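K.L.:
Residue numbers (my numbering), protein chains in the order written: chain A, 1 to 469; chain B, 470 to 817.
#1: Closer than 7 Å, CB to CB, is residue 817 of chain B near chain A or not?
#2: Tell me whether residue 436 of chain A sits in a helix, a strand or coil according to DSSP, three-state version.
#3: Can you pull out the residues from the region 478-489 of chain B whose beta carbon lies closer than 9 Å to at least one beta carbon of chain A?
#4: Using beta carbons (cut-off 7 Å, strictly below), is residue 648 of chain B in contact with chain A?
#5: Buried or exposed: residue 647 of chain B, going by 16 or more other Cβ atoms within 10 Å of its Cβ?
#6: Give the DSSP bridge partners of residue 548 of chain B, in chain order.
#7: Take every Cβ of the region 490-505 of chain B, pair it with every Cβ of the region 257-269 of chain A, and state whether three or more of those distances are shorter than 8 Å.
#8: Buried or exposed, going by whether 16 or more other CB atoms sit within 10 Å of the CB of residue 667 of chain B?
#9: May I have the straight-line CA-CA distance separating residue 730 of chain B from residue 721 of chain B, to the nearest angstrom?
#10: Rounded to whole angstroms, what's the CA-CA distance from residue 412 of chain A to residue 774 of chain B? Just pull it up for me.
#11: Which residues in chain C sit within 8 Å of residue 438 of chain A, going by Cβ to Cβ distance?
#12: Work out the CA separation of residue 84 of chain A and residue 760 of chain B for me, nearest whole Å.
#13: Do the region 413-420 of chain A and the region 473-480 of chain B touch if we need at least three Cβ pairs shorter than 8 Å?
#14: Find out if the Cβ-Cβ distance for the pair residue 581 of chain B, residue 783 of chain B is shorter than 7 Å.
#15: With 7 Å as the threshold, decide whether the Cβ of residue 253 of chain A is near any Cβ in chain B.
#16: In angstroms with no decimal places, state the Cα-to-Cα distance between residue 475 of chain A and residue 627 of chain B.
#17: Listed from N- to C-terminal order along the chain, which residues in the region 331-365 of chain A have their beta-carbon within a distance smaller than 7 Å of any beta-carbon of chain B?
#18: Inspect the CB distances between the region 205-220 of chain A and the region 740-754 of chain B and report whether three or more fall short of 8 Å.
#19: According to DSSP, residue 130 of chain A sits in a beta bridge with which residue or residues?
#20: Is it right to say residue 205 of chain A is buried, meaning 16 or more other beta carbons lie within 10 angstroms of its own, or is it exposed?
#21: Grab me the residues of residue 149 of chain A's own chain with a C-beta within less than 6 Å of its C-beta, minus the 5 sequence neighbours each way, in chain order.
#22: Can you tell which of B/699, B/734, B/547, B/525 has its C-alpha closest to the C-alpha of residue 712 of chain B?
#23: Please state whether DSSP places residue 582 of chain B in a helix, a strand or coil.
#24: Cβ of residue 640 of chain B less than 7 Å from any chain A Cβ?
#25: Can you name, in chain order, every residue of its own chain whose Cβ lies under 7 Å from the Cβ of residue 544 of chain B, other than the five neighbours on each side?
#26: Spatial neighbours of residue 302 of chain A within its chain, please: C-beta separation below 8 Å, excluding the five flanking residues on both sides.
#27: Just tell me which of A/132, A/54, A/112 has its CA closest to the CA of residue 463 of chain A.
#28: Where do the N-terminal and C-terminal ends of the alpha helix (DSSP H) with residue 104 of chain A fall, by residue?
#29: On the criterion of 16 or more Cβ atoms from any shown chain inside 10 Å, does residue 482 of chain A qualify as buried, or is it exposed?
#30: DSSP on residue 460 of chain A, reduced to helix/strand/coil?
#31: Measuring only the C-alpha atoms, how far is residue 800 of chain B from residue 807 of chain B?
#32: Could you work out which residues of chain A lie near residue 645 of chain B, taking near to mean beta carbons separated by less than 8 Å?
#33: Does the beta-carbon of residue 321 of chain A have 16 or more other beta-carbons within 10 angstroms, so that it is buried, or is it exposed?
#34: What did DSSP end up calling residue 354 of chain A once you bin it into helix, strand or coil?
#35: In this structure, how does DSSP classify residue 194 of chain A when only helix, strand and coil are distinguished?
#36: Where does residue 588 of chain B sit, in a helix, a strand or coil, going by DSSP?
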């Protein structure tokens, strides 16, 4: 069997693609340079001012058209790739596009539904008014579906090694006697594993840990930041000092100290987990207690449910002692998870505290105080809902940052099993042979970059849309 | 102002003490000490041998005592073998125990000895910091002006196409951590994949002889990540200034647009980025560690990784003191600088 080409039977599009890209790059450069020259309106009559198209505007038009054309060509590559009959005709891009079919279908459904009902969906619906936000959401959605359908998408076992495929270049055919998918689409790494399958499986790992860790960090930050900002005084001084203490640590030093097999022996991660995992339970308990304080029956029901489920999960996650065995975390994973939460929560604390300091002085807070509302009710049901805008935006940004942190951990080989397909450790594995075989490191690097970029664009779109009203 | 400085210095020293104590505590946990004993002595030491090695080197004293010795407020550890050989923390090899000083800690200017490099910590740190200083200098030279230019250009006409393309560029750079951009840059410019072998993929030789070929990629990698953030801050502050009343007045007076930007807006728009740039230093420290590891440039970040990976307690402590010092001092400078630049703020 022959080596796969990148674009298979669609190779005739390649010169068009390259020309369009070149035109786009030149036009963008020209536009930036030309827009430094102020375009002036010309006076055509005593009271009228006409704006003529300057060279910068023409450059802008070229950018717009060449970009649209480029997107079209890429779509032809992807859709045409799916339509081609055989893998040889599909090429690498088409082959990947075919494997990603579940993702495309999922994304199409979500986008179609969201755009149809966008007026009824609040802030989420408004996202579809901003192109930047839509692109960001699309990228994030792509990776979310990649994580969900990873089992359907992968072509090989991400941990399986096939002899003869060591450092194979993208599109290499499998050995003749191999049964299963006939090619390594993105090549093999230095242990002869499939780069493409590892990249897709890595998404699953990242997208499970990063949002969960961010959520926990938010629980901790909110539970501590609200009273620090609202009450002020000694409590605030103490908590702020602690937060600054953690923030003054270089993150990597902290990781090197907290995420080692030796530390795991001492049980410090479990102690940290025991403290940090308590916060969501405290948060929810206070939340329901302050809301339904006057309706004891309802309150007892909600708090009871929270406590039963919370403590059940708590015993499993923090101490690995879940009697039913539903909740549980591998010691490695717990260590990584706890450290990431620990590093993130002081920043969230500072953000929440800052917002509360600002909102505390508003009239509706004073009104609530005069009505005789308790401090926790004011914090959780008056202040927090009004702080949701910046918090949601920061949540998106922070998932991206957590992804970067997880990658950093993997990059230094900390806390993850060496076999693990997560992106950071794959980059770390690949970097030793980077100047000879760049593809094993490049695939996860591009994946990580696109996910974080998507989250950033999404946050930007959300910010723009939430500022609009 | 004097009182403010005094209070800040006090908090700084307290923070530094707490942080070093935490590092001290974490590195002195028994499993870590065991690993240290095994790497220093013999990989196949039995538990008793490990304990005796640790005892001989003073690692089994209570934690506060060890910390005091490291700080130099408690007399240094001395160990006497049954046959009368005296060794100790303050006694260098080949030195007469009688001549050795009683105290040898941070306060006496003795940073201890590195167990990995078998050298004085202070000399290691100073040479490595020098190398990192060189890296950081070029990073700043590249990063700050380009970030400010991008930010000002994007912010002077909010919502224009230039603004959109530059903002997207800044978002893209902040979304690309160093280990990703480094990998991509090496692939494109230093590997056979694209055939552009313009630069070198390692910067080891840059320690002695830095030139464009071996030093540009590491500098660019760090600069790119920080650049986007500063540019976004500059853009935000520039757009805010451009909507201010006095800019409108200047426009109505008929001042030309370049003049408005250069003479009226720029000065006020650069106050906020100054703080951000100062606060970037601790962030850059992270980047330095990653980039120095990726490009194998043997500076401070590389030393930190070596020290942490081998549980070299005293070197690691020295690294954390330096890191914490950098973080706290830049915070202080940014606060003071903010006051000087912005006359509306006065610290009582």
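C-beta: ideal position from N, C-alpha, C; glycine also. Quick caveat: nothing in here was measured; it's all calculated off a predicted structure.
P.N.:
Here's the rundown:
#1: Taking the first residue of the second chain as 1, we reach residue 817 of chain B at position 348. Unreliable positioning characterises residue 817 of chain B in this predicted model, as indicated by a pLDDT of 47, which lies under 50. A coordinate reading is not provided.
#2: As a first step, residue 436 of chain A is located in the first chain; it is residue number 436 there, counting from the start. Judged by DSSP in its simplified three-state form, residue 436 of chain A adopts coil rather than helix or strand.
#3: Those residues of the region 478-489 of chain B that come within reach of chain A (Cβ to Cβ, closer than 9 Å) are 480, 483, 484, 485, 487, 488.
#4: Numbered from 1 along the second chain, position 179 holds the residue referred to as residue 648 of chain B. For residue 648 of chain B, the nearest beta carbon of chain A is closer than 7 Å to its own beta carbon.
#5: As a first step, residue 647 of chain B is located in the second chain; it is residue number 178 there, counting from the start. Residue 647 of chain B should be labelled buried.
#6: Mapped onto the second chain, residue 548 of chain B falls at position 79. Note: residue 548 of chain B sits in a beta bridge opposite B/556.
#7: Touching, yes, given that three or more Cβ pairs across the two stretches are closer than 8 Å.
#8: Taking the first residue of the second chain as 1, we reach residue 667 of chain B at position 198. Residue 667 of chain B sits exposed, since fewer than 16 C-beta atoms from the chains shown fall within 10 Å of its C-beta.
#9: In the second chain, the residue the question calls residue 730 of chain B occupies position 261. In the second chain, the residue the question calls residue 721 of chain B occupies position 252. Each residue's alpha carbon lies about 14 Å from the other.
#10: Against the first chain, residue 412 of chain A aligns to sequence position 412. Against the second chain, residue 774 of chain B aligns to sequence position 305. Using only the alpha carbons, I get a separation of about 9 Å.
#11: In summary, chain C is missing from the structure at hand, where the protein chains are A and B.
#12: The count along the second chain starts at 1 and reaches residue 760 of chain B at position 291. The count along the first chain starts at 1 and reaches residue 84 of chain A at position 84. When rounded, the distance between both Cα atoms is 43 Å.
#13: Not touching, per the Cβ criterion.
#14: For this step, residue 581 of chain B is matched to residue 112 along the second chain. For this step, residue 783 of chain B is matched to residue 314 along the second chain. Against a cut-off of 7 Å, the Cβ pair of residue 783 of chain B and residue 581 of chain B comes out as a contact.
#15: As a first step, residue 253 of chain A must be located in the first chain, where it is residue number 253. Yes, residue 253 of chain A counts as interfacial toward chain B.
#16: Outside the shown range of chain A, which is 1 to 469, sits residue 475 of chain A, and nothing can be said about it.
#17: Against chain B - using a Cβ distance shorter than 7 Å - the region 331-365 of chain A contributes no residues.
#18: For the pair of segments examined, the region 205-220 of chain A was found not to touch the region 740-754 of chain B: the number of CB pairs separated by less than 8 Å stays below three.
#19: The count along the first chain starts at 1 and reaches residue 130 of chain A at position 130. By DSSP's assignment, residue 130 of chain A forms no beta bridge with any residue.
#20: Along the first chain, one-based indexing puts residue 205 of chain A at 205. Here residue 205 of chain A is buried. Its C-beta has 16 or more other C-beta atoms within 10 Å.
#21: Residue 149 of chain A sits at position 149 when you count from the first residue of the first chain. Here the set comprises 102.
#22: The count along the second chain starts at 1 and reaches residue 712 of chain B at position 243. For residue 712 of chain B, the closest alpha carbon among the candidates B/699, B/734, B/547, B/525 is that of B/734.
#23: For this step, residue 582 of chain B is matched to residue 113 along the second chain. Three-state result, residue 582 of chain B: strand.
#24: By one-based count along the second chain, residue 640 of chain B stands at place 171. Yes, its Cβ sits closer than 7 Å to a Cβ of chain A.
#25: By 1-based counting over the second chain, the position of residue 544 of chain B is 75. Excluding sequence neighbours, residue 544 of chain B sits near 571, 572.
#26: What you label residue 302 of chain A is simply residue 302 of the first chain in a count that begins at 1. Only 288, 292 meet the Cβ criterion.
#27: Position 463 of the first chain, counted from the first residue, corresponds to residue 463 of chain A. It is A/132.
#28: For the purposes of this step, residue 104 of chain A is taken as the residue at position 104 of the first chain. Here the alpha helix (DSSP H) through residue 104 of chain A covers 101-116.
#29: Residue 482 of chain A is absent from the structure shown; chain A starts at 1 and stops at 469.
#30: Translated into positions along the first chain, residue 460 of chain A becomes position 460. The answer is helix: DSSP assigns residue 460 of chain A an H, G or I state.
#31: Taking the first residue of the second chain as 1, we reach residue 800 of chain B at position 331. Taking the first residue of the second chain as 1, we reach residue 807 of chain B at position 338. Annotation: residue 800 of chain B to residue 807 of chain B spans about 11 Å, alpha carbon to alpha carbon.
#32: Here residue 645 of chain B refers to the residue found at position 176 of the second chain. Below the 8 Å Cβ cutoff, chain A contributes 449, 452, 453 as neighbours of residue 645 of chain B, in chain order.
#33: Looking up residue 321 of chain A in the first chain gives position 321. With fewer than 16 Cβ atoms within 10 Å of its Cβ, residue 321 of chain A is classed as exposed.
#34: The count along the first chain starts at 1 and reaches residue 354 of chain A at position 354. Residue 354 of chain A: helix per DSSP, three-state reduction.
#35: In the first chain, residue 194 of chain A corresponds to position 194, counting from 1. DSSP places residue 194 of chain A in strand when its eight states are reduced to three.
#36: The sequence position of residue 588 of chain B within the second chain is 119, counting from 1. Look at residue 588 of chain B here: in three-state DSSP terms it is strand.
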